[in-house]
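Position 52 (the sequence shown) corresponds to 67 in the numbering used here; numbering is contiguous.
The C-beta atom is built at its ideal place from N, Cα and C for all residues, glycine as well.
All values derive from a computational prediction rather than experimental measurement.
Report on the structure given below.
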Amino acid sequence: MKRAGSAGTLGAALLLAAGWWAAAPAARVATADSAAAAAPESSASAATPAESSGTIAVTVTGVRARDGGDLIVSLYRGPDGWLKSERAFARRVVPVAGDSAVVVFRGAPFDTGYAVAVVHDKNGNGKMDLRIFPYPRPKEGVGVSGNAVRMGPPKYDRARFALAATNRALRIIMRY
Numbered sequence: 016m017k018r019a020g021s022a023g024t025l026g027a028a029l030l031l032a033a034g035w036w037a038a039a040p041a042a043r044v045a046t047a048d049s050a051a052a053a054a055p056e057s058s059a060s061a062a063t064p065a066e067s068s069g070t071i072a073v074t075v076t077g078v079r080a081r082d083g084g085d086l087i088v089s090l091y092r093g094p095d096g097w098l099k100s101e102r103a104f105a106r107r108v109v110p111v112a113g114d115s116a117v118v119v120f121r122g123a124p125f126d127t128g129y130a131v132a133v134v135h136d137k138n139g140n141g142k143m144d145l146r147i148f149p150y151p152r153p154k155e156g157v158g159v160s161g162n163a164v165r166m167g168p169p170k171y172d173r174a175r176f177a178l179a180a181t182n183r184a185l186r187i188i189m190r191y
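Structure, rendered in structure tokens:
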């Protein structure tokens with residue numbers, strides 16, 4: 016049983032201190048289409064936006080549908096802000112409806128430095144909850160592009176992928 020103001024506050028402090036997942040306020044959450052539109056255009060490129068952007072389709076598998084809640088899928092563009100959802104390039108929150116889900120990010124500019132992180136937010140608090148004892152570990156399901164598995168936070172370089180064509184499909188397996 017969780018006491019108000021104890022484990023939740025300590026867990027959030029550990030997340031922030033460890034550089035793990037920090038939830039963004041709803042007002043700052045960007046959709047993939049609005050984030051791509053807000054990105055400055057380069058005058059050196061003669062390509063039209065349709066020719067220089069693509070679609071990233073993320074299939075999330077291994078979701079524990081019986082737990083309910085939402086999937087928070089964050090798309091990062093570069094290592095700065097990795098696993099800090101307020102710094103994600105784009106973010107989607109979708110309700111869990113089965114043991115898998117597909118999330119699509121449209122209008123993503125071609126780049127070699129993308130990564131995706133997924134959290135199964137069972138309790139709807141908009142962030143990943145940690146178990147403290149005997150060592151910090153997620154209480155909720157998590158997954159990253161490249162399906163990197165290790166003790167501690169996943170490394171950006173292991174989750175990085177490129178978007179060089181109009182469509183890129185990823186499969187992320189949730190870990191609980």
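| field | Where residue 82 falls: helix, strand or coil (DSSP) | value | In the structure shown, residue 82 sits in a helix (DSSP, three-state: H, G or I).
| Do you know offhand how far residue 103's Cα is from residue 147's? | Roughly 26 Å between the two C-alpha positions.
| query | Do the CB positions of residue 152 and residue 161 come within less than 7 Å of each other? | reply | Remark: C-beta atoms of residue 152 and residue 161 do not approach each other more closely than 7 Å.
| request: Please report how far the alpha carbon of residue 106 lies from the alpha carbon of residue 164, in whole angstroms. | output: Those two C-alpha atoms are separated by around 22 Å.
| task | Output yes or no for whether 7 Å exceeds the beta carbon distance between residue 82 and residue 137. | result | Contact flag set, yes.
| message | Using CA atoms only, rank isn't needed, just tell me which of 108, 127, 128, 126 is closest to residue 119. | response | Taking only the C-alpha atoms, the option nearest residue 119 is 108.
| task | Leaving aside the five residues before and after residue 94 along the sequence, list all residues of the same chain whose C-beta is less than 6 Å from its C-beta, in chain order. | result | Taking residue 94 as the centre and dropping the five residues before and after it, the same chain places the C-beta of 171 closer than 6 Å to its C-beta, in chain order.
| Roughly how many angstroms lie between the CA atoms of residue 175 and residue 112, to the nearest whole one? | Looking at the backbone, the Cα of residue 175 and that of residue 112 are separated by about 28 Å.
| said: Please report the straight-line C-alpha distance between residue 177 and residue 110, rounded to a whole angstrom. | reply: Their Cα atoms are separated by approximately 27 Å.
| If you check the beta carbons only, do residue 189 and residue 156 fall under 7 Å apart? | Yes, they are a contact pair.
| field | Proximity of residue 100 and residue 115 at Cβ, strictly below 7 Å | value | Contact check for residue 100 against residue 115 fails: the beta carbons are separated by 7 Å or more.
| Which partner residues does residue 6 have in the DSSP bridge list? | Beyond the ends of the chain as shown, which are 16 and 191, falls residue 6; an answer cannot be given.
| field | residue 165 - DSSP class collapsed to helix/strand/coil | value | Correct three-state label for residue 165: coil.
| Collapsed DSSP secondary structure at residue 68 in the structure displayed | Residue 68 falls in the strand class under three-state DSSP.
| query | Where does residue 177 sit, in a helix, a strand or coil, going by DSSP? | reply | Three-state result, residue 177: strand.
| said: For a quick check, are the C-beta atoms of residue 123 and residue 69 less than 7 Å apart? | reply: Yes; because the gap between Cβ atoms is below 7 Å, this pair is in contact.
| task | Provide the residue(s) that pair with residue 126 in DSSP beta bridges, ordered along the chain. | result | Per DSSP, the beta bridge partners of residue 126 are 178.
| field | Close Cβ partners of residue 77 (< 6 Å) along its chain, the five nearest in sequence each way excluded | value | Closer than 6 Å at Cβ, skipping near neighbours: 188, 189.
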